[in-house]
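For the record, in the sequence shown the residue sitting at position 523 is 523 according to the working numbering, with numbers rising by one throughout.
Contents: one structure, followed by commentary.
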Amino acid sequence: MPDLLADGDALVVTGYSGLDQLIRLVSQRGDAAGQLRLLLGTEPSSSSSQDFSLHNRSFEQEVRSYWLSRGISLRLSGQLIHCIELLRNGLVSVRYPGSGPRVHAKIYCTQVAVTLGSSNFTAPGLHSQHEANARFTPKDEPRRYREIWQYAEFLWEHGTDAKDALLALLENLLRCVTWREALARACAELLEGDWAASYLESLGHSSDVTLWPSQRKGIGQALYLIETVGGVLIADATGSGKTRMGVHLLRAVYDRIWSASRGHKGLIAMVCPPLVLANWERESLRCFLQINIRSHGALSHSRAGDESVISDLMVRSQTLAVDEAHNFLSQTSNRSRQLVHNLADQVVLFTATPFNRSASDLLRMIDILGADNFDDQVLASLERLTRLKGGLRDAAPEDLATLKSALAGFMVRRTKKQLNSMVDLEPDAYRLSSGRVCRYPEHHSQVYELNESANDIKLAGEILAIARSLVGITHFEKALYLPESHARSGMSAEAYLQMRLKSAKGLACHHVMASLRSSRLALFRHILGEREALQRLHLQHDLAVEGDDTTGNMRERITALQGRIPENRLGIELPDWLSDQEEHRRECEAEVGRYTYILMRLERMSDGREQRKCQLLLGLARQHEQVIAFDHFPLTLRHLQYLMARSHGDNRVEVLLGVGGKKRQNQALQARLDPERGKGRVIALCSDALSEGVNLQRASAMVHLDMPSVVRYAEQRVGRIDRMDSPHDSIECWWPRDADTFALKADERFIARVEDVESSLGGNLQLPDALL
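Here it is as structure tokens:
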């Protein structure tokens, strides 16, 4: 085969059953290699039903009948068209045997060598069968080389021109495929992204990076969706290389706009979390693409003069991209409204967790992509499914099938399992220079017990009972009115008030129990403020007050609120404690009393849970070089750091903090956990601010110090170490199993959401069996 692809004229004598392979050969040689002559000889028995008697049918009819009955795979359609063009242009000549003996020779003559023997130019003859062939070069055996060329020329001279006959056959083959094969091939073209391969190959010459096949196929699928609906949601698993794939996708969109000669050639804007802004800048430079990159904060907290710039960017950008798009699901936040009102022609969203709390999150994504671009039936299906009371667990199989079909219309989603399967197909394409193949490591999910004492469990139960009696009076400081969005949906003022009363009670209880689950210090802070909380645990000399001491501090906030009833714009009667100043003052005093009762129990509780978490982390640090742990409360992390520093004597293990608002500290942490340059034994205590977009995969163990309440936090935490470019063959993820009195109702909702994601999108979280 390499001989036939070399420059120079070639002559091939082979059986007609190799026509499909010859089409590939003709297309691969193209118009630059030289003149190609084909003499198609006979077959000994093309099929059991074939009649080879020449008085019944001509050789031309025999070839035609053979191939029309079998057909050419649609995969060859592009090469078949190319072959027809080369035949018509005279770069390929074809003959059938003339009158006389049938031709059954197999001879391949090129300027490099001649080969003859038993191999027919078919897939079995070229690849899978045992054959006997001889090859002669003009340098080593010039006499044999000339003799075989001469014999092949003799056969050619006695053949008859078959150009018109073969053209007619090829044109028939181009049309004669079943609709099933055509549909299957079209689906494969989109899923595999092959239709964009030639563009990506040309792009590779101007970029110093290599894309994985999974990234190339994802770009091909995304380009198709952008062409059809004007936008796409890239929802591949965390750690799959979305940033690099995303930049090349944006470059592809930009190039296609220019190649189509569209009149409006505007900006490309990217909105991303501040911690990954440098990653997008670096990848865009490697791809020679100019992107106007802004952080999420620019949409939320615009400085004087910046707001008009951001608004102008949303209006003028022709292509808008949003990384970690799950941060824009709120219908009321300023930054979400700015994105929804964008005027971009193409919108590309990136998130590994498009389904965070419920299926309605997907509708918010569609709002940003531009709901006008979507079929009404798709939107109606999603709307109906989001109203199911029990979530997607209550959806009928046909409804789930409808949902999956709707999602396929705007989403590119490959789970970790699917991506690993793609690696298995061609592992060398994912191989690093070190020899390691990029793939997700083997994932071990485990639970750890907190070993709460009987007394602590009893005290937690009493705290829970008191917390359930809280009314959440601090949630009624501002004027009460029926929001326009609720009014449009048909909600009455009475129903809205009841919803607010119920949610205030629920949130007040949740804040108490979520703080307690994290640590005693976190709950002291919630009730008393950070300064007094540190004093209660005699930590004022060991831990500085770093947060805003006015946050939490419920007792002082409620005391200051006494008698300040909210303005009533609902037009209905409110409860006495929200309408009468004296009743409001009495209710505030009662609420302070409830928090005081909680404090009395909290002071009698041990720090056993915190000590158990420290023991777990230090134990894991003896098995893993680097360990990361997540908790929602930064103060708890600082406390655990203090406890571990005081309790363990192994100076080789360094305990580092990674929390929001500490840029220099976080950069140092990222450097220590960098997969290539990081070093040293480390326990990294991180808040959820570092669970998004940060690569910490040098660590091989991850611990949830508290239970994440939504799928997004869980997947992002795990995704810091569960990545395709992880240097580890296996990783461990540890989940807490709290005593019932310390657990939250949100835990059950979280498990249900994980199941919903699994049934609708395909899940990436591996929960321990003990939690299911």
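We treat Cβ as the ideally placed atom computed from N, Cα and C, and that holds for glycine.
Predicted model, so just to flag it, every value in this text is computed and none were measured.
Secondary structure at F350: strand, using DSSP grouped into helix, strand and coil. For E449, the enclosing beta strand (DSSP E) stretches over residues E442 to E449. Separation of D7 and V92 (C-alpha to C-alpha, rounded to the nearest whole angstrom) is 14 Å.
Under the three-state reduction of DSSP, H511 is assigned to helix. Going by DSSP, E732 is part of no alpha helix (DSSP H) but of the beta strand (DSSP E) stretching over S730 to R737. In this model, Q641 and A401 are separated by some 48 Å (Cα to Cα). Put simply, of V412, R525 and L174 the residue whose alpha carbon is nearest the alpha carbon of Q540 is R525.
Y108 is bridged by DSSP to V12 and T115. Sixteen is the threshold: since fewer than 16 other Cβ atoms of the shown chains lie within 10 Å of the Cβ of P274, the residue is exposed. Distance between A134 and E62, taken at the CA atoms: about 30 Å.
Take K478, set aside five residues on each side of it, and the residues of its chain with a beta-carbon closer than 7 Å to its own are P566, in chain order. The DSSP-derived three-state label of T160 is strand. In the DSSP assignment, Y96 falls within the unbroken beta strand (DSSP E) covering V92 to P97.
At a Cβ-Cβ threshold of 9 Å, R251 and M270 do not count as neighbours. Under DSSP, D323 forms a beta bridge with F350. For G41, the enclosing beta strand (DSSP E) covers residues L36 to G41. S317 carries a strand assignment under DSSP once its states are collapsed to helix, strand and coil. If you ignore the 5 residues before and after A380, its C-beta comes within less than 6 Å of no other C-beta in its own chain. When Cβ pairs closer than 8 Å are counted between the two stretches, the stretch 108-116 is seen to touch the stretch 148-162, the count reaching three or more. Our two residues, G719 and F355, have alpha carbons roughly 16 Å apart in a direct line.
The beta carbon of L80 sits closer than 7 Å to the beta carbons of I23, I72, L170, L173 and L174 from its chain, once the five residues preceding and following it are set aside; these are given in chain order.
According to the DSSP assignment, M724 belongs to no beta strand (DSSP E), since it is labelled neither H nor E.
In terms of Cα proximity to R216, the closest of D769, M245 and P138 is M245.
Bounds of the beta strand (DSSP E) holding A269 are L267 to C272. Residue state for V437 is assigned as strand, using DSSP reduced to three classes. Per the DSSP secondary-structure output, C83 pairs with nothing in a beta bridge. The residue from T137, I257, F59 and S118 with its alpha-carbon nearest to that of Q129 is S118.
Taking the CA atoms as reference points, Y713 sits about 11 Å from D706. Beta-carbon to beta-carbon, Q626 and S687 are separated by about 18 Å, too far to satisfy the 8 Å threshold. The beta strand (DSSP E) runs of length 3 or more contained entirely in the stretch 557-644 are, from start to end of the chain, 626-630.
In the DSSP assignment, C287 forms no beta bridge with any residue.
When the five nearest sequence neighbours on each side are left out, the beta carbons in the same chain lying within less than 6 Å of the beta carbon of R64 are those of L169, in order along the chain. Taking the Cα positions, F750 is about 37 Å away from R586.
Under the criterion of beta carbons closer than 8 Å, L685 and G658 qualify as touching, at roughly 7 Å. Under the three-pair Cβ rule at 8 Å, the stretch 593-611 does not count as touching the stretch 659-673. In terms of Cβ geometry, G461 and G370 do not form a close pair [threshold 9 Å].
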